[in-house]
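Start counting at 1 in the sequence shown, then tack on 2, and there's your number in full-length UniProt numbering.
Here a beta-carbon is modelled for each residue, glycine too, at the ideal position from N, C-alpha and C.
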Amino acid sequence: RREPPRTEEGLYVLHDLRRVDWDAWRDAGERDREAAIEEGVEYLETHADIEQGDTAVFSVLGHKADLLILHLRPTLEALDRAEREFEGCALAEFTDRASSYVSVAEASGYTEAAADYFDPDAEADPGLQRYMDSRLHPELPDTEFVSFYPMSKRRDPEYNWYDLPFEERRELMAAHGDIGREYAGKVTQIISGSIGIDDHEWGVTLFADDMTDIKRLLTEMRFDPSSSRYAEFGRFYTGRRFAPSQLEAFLAG
Ligand code: 76R
């Protein structure tokens, strides 16, 4: 039996992917459209304005979905409520669900610094505390683009992440982190764990003002053993953020 990493969990995350029923939208009367826009804006603004957590909305490129509503909440109860409240708003009549993903922001104890964080005898380190807090209680950065995909670590006979000794996984994650840090200031990420919660093992949500920075970071990681040998990916979604007040413009096409 291998030693699992220690983990700490923070905000719960829902990626709510919606399709707009464009035929119904075009056929709708003026008053129904106005109500949908008004209630949609109200929903998005009040949910973005909460004390703990955040909500943002993105226009999804390509056919897989039209909207991504991304929610971060301190409890599953609050996340569930955010999800249900959308159904009560008039905009929901013009959407159906393309997909969704549920996970929880996670920090694991692979790095030396993180190992200290999990060590009850280690001296408290405010810098480390801030770093862990930024991973566990992330704020949604104000970038224009988002890339979201779920992933798992491989468990093939030849390349089985879950059969590697802790030390080997730690070294792989350190090399992985070195690549990631080269993109500091260009790409921010939320790593959220979903073992026992959703179909893959993590959700990866990346934010950038230039989508090619994300593409280059992921290309480098694809060649790094932590991904080239051990990563399996789900579907990728690319979104462009818009302010709730721009909902009308989004729907006008
Ligand atoms: O040395 C360190 O500080 C490493 C810190 C670190 C950990 C533990 C780190 C850094 N990651 C960690 C864990 Mn990551 N990450 C991904 C992806 O598409 C792909 O190939 C992989 C998707 C990206 C883009 C990314 C980015 N990371 C993890 C885990 C959990 C592993 C486990 O617990 O078994 C996954 C699944 C994962 C995947 N990572 C970074 C980044 C970036 C940009 C960094 C550096 C910035 C930072 O430290 O905050």
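Worksheet item: To which residues of the same chain is Ile39 closer than 7 angstroms at the C-beta, ignoring the five residues directly before and after it?
Response: Residue 39 sits at position 37 when you count from the first residue of the sequence shown. Same-chain partners within the cutoff: Leu249, Glu250 and Leu253.
Worksheet item: By how many angstroms is the C-alpha of Pro167 removed from the C-alpha of Ala50?
Response: Residue mapping note: residue 50 aligns to position 48 of the sequence shown, counting from 1. Residue mapping note: residue 167 aligns to position 165 of the sequence shown, counting from 1. Approximately 42 angstroms, taken between the alpha carbons.
Discussion item. Excluding the 5 residues flanking Glu87 on each side, which residues of the same chain have their C-beta closer than 8 angstroms to its C-beta?
Written reply: Your numbering for residue 87 matches position 85 in the sequence shown. So the list reads Tyr45 and His49, once near-sequence residues are dropped.
Discussion item. Please report the straight-line C-alpha distance between Leu138 and Arg33, rounded to a whole angstrom.
Written reply: Along the sequence shown, one-based indexing puts residue 138 at 136. Along the sequence shown, one-based indexing puts residue 33 at 31. Whole-angstrom Cα-Cα distance: 42 angstroms.
Worksheet entry | Nearest neighbour of Phe209, chosen from Pro122, Asp25, Asp226 and Glu146 [CA to CA] | The count along the sequence shown starts at 1 and reaches residue 209 at position 207. Looking only at Pro122, Asp25, Asp226 and Glu146, the smallest Cα-Cα distance to Phe209 is reached by Glu146.
Worksheet item: Is Leu78 buried or exposed, if buried means 16 or more other CB atoms sit within 10 Å of its CB?
Response: Within the sequence shown, residue 78 is the residue found at index 76, counting from 1. By the neighbour-count rule (16 or more Cβ atoms within 10 Å), Leu78 is not buried but exposed.
Practice prompt. Report yes if the CB atom of Phe235 is closer than 8 angstroms to the CB atom of Tyr164, and no otherwise.
Written response: Here residue 235 is taken as the residue at index 233 of the sequence shown, counted from 1. Here residue 164 is taken as the residue at index 162 of the sequence shown, counted from 1. Phe235 is not a Cβ neighbour of Tyr164, given a cutoff of 8 angstroms.
Practice prompt. Using only alpha-carbon positions, find the residue among Asp118, Ile71 and Pro76 that is nearest to Ala100.
Written response: As a first step, residue 100 must be located in the sequence shown, where it is residue number 98. Looking at the Cα atoms, Ile71 is the closest of the given residues.
Item to complete: Can you tell me which of Gln191, Pro7, Phe96 and Asp82 puts its alpha carbon nearest to the alpha carbon of Glu41?
Response: Against the sequence shown, residue 41 aligns to sequence position 39. For Glu41, the nearest C-alpha among the options comes from Phe96.
Worksheet item: Hey, out of Gly90, Arg231 and Asp25, whose CA is closest to Pro159's CA?
Response: Taking the first residue of the sequence shown as 1, we reach residue 159 at position 157. Nearest option by C-alpha distance: Arg231.
Practice prompt. Name the two residues that bound the continuous alpha helix (DSSP H) containing Leu46.
Written response: In the sequence shown, residue 46 corresponds to position 44, counting from 1. Membership of Leu46 in the alpha helix (DSSP H) is indicated by the continuous run Glu32 to Ala50.
Worksheet item: Touching or not, the stretch 112-120 and the stretch 212-221, by the rule of three or more beta carbon pairs under 8 angstroms?
Response: The stretch 112-120 is not in contact with the stretch 212-221.
Discussion item. Below 8 angstroms on the Cβ atoms is my contact criterion, and I expect Arg8 with Gly111 to pass it. Report the Cβ-Cβ distance as a whole number of Å.
Written reply: As a position in the sequence shown, residue 8 is number 6, starting the count at 1. As a position in the sequence shown, residue 111 is number 109, starting the count at 1. With 8 angstroms as the limit, Arg8 and Gly111 qualify as a contact, their Cβ atoms being about 4 angstroms apart.
Discussion item. Checking 8 angstroms against the spacing of the C-beta atoms, do Glu173 and Val106 come in under that value?
Written reply: The residue given as residue 173 occupies position 171 in the sequence shown. The residue given as residue 106 occupies position 104 in the sequence shown. It is not a contact, given that the beta carbons lie outside the stated cut-off.
Worksheet item: Can we count Val15 as close to the ligand 76R, meaning its CB is less than 7 angstroms from some heavy atom?
Response: Against the sequence shown, residue 15 aligns to sequence position 13. Checking every heavy atom of the ligand 76R against the Cβ of Val15, none is found closer than 7 angstroms.
Worksheet item: Is the distance from the Cβ of Phe238 to the Cβ of Val59 below 8 angstroms?
Response: Locating residue 238 in the sequence shown gives position 236, where the first residue counts as 1. Locating residue 59 in the sequence shown gives position 57, where the first residue counts as 1. 8 angstroms or more divides the Cβ of Phe238 from the Cβ of Val59.
Practice prompt. Measure the beta-carbon distance from Leu142 to Asp56 and round it to whole angstroms, keeping in mind my assumption that it falls under 8 angstroms.
Written response: Counted from its first residue, the sequence shown places residue 142 at position 140. Counted from its first residue, the sequence shown places residue 56 at position 54. 5 angstroms between Cβ atoms; contact.
Fill in: Inter-residue Cα distance where the pair is Cys91 and Glu85
The residue given as residue 91 occupies position 89 in the sequence shown. The residue given as residue 85 occupies position 83 in the sequence shown. Using only the alpha carbons, I get a separation of about 11 angstroms.
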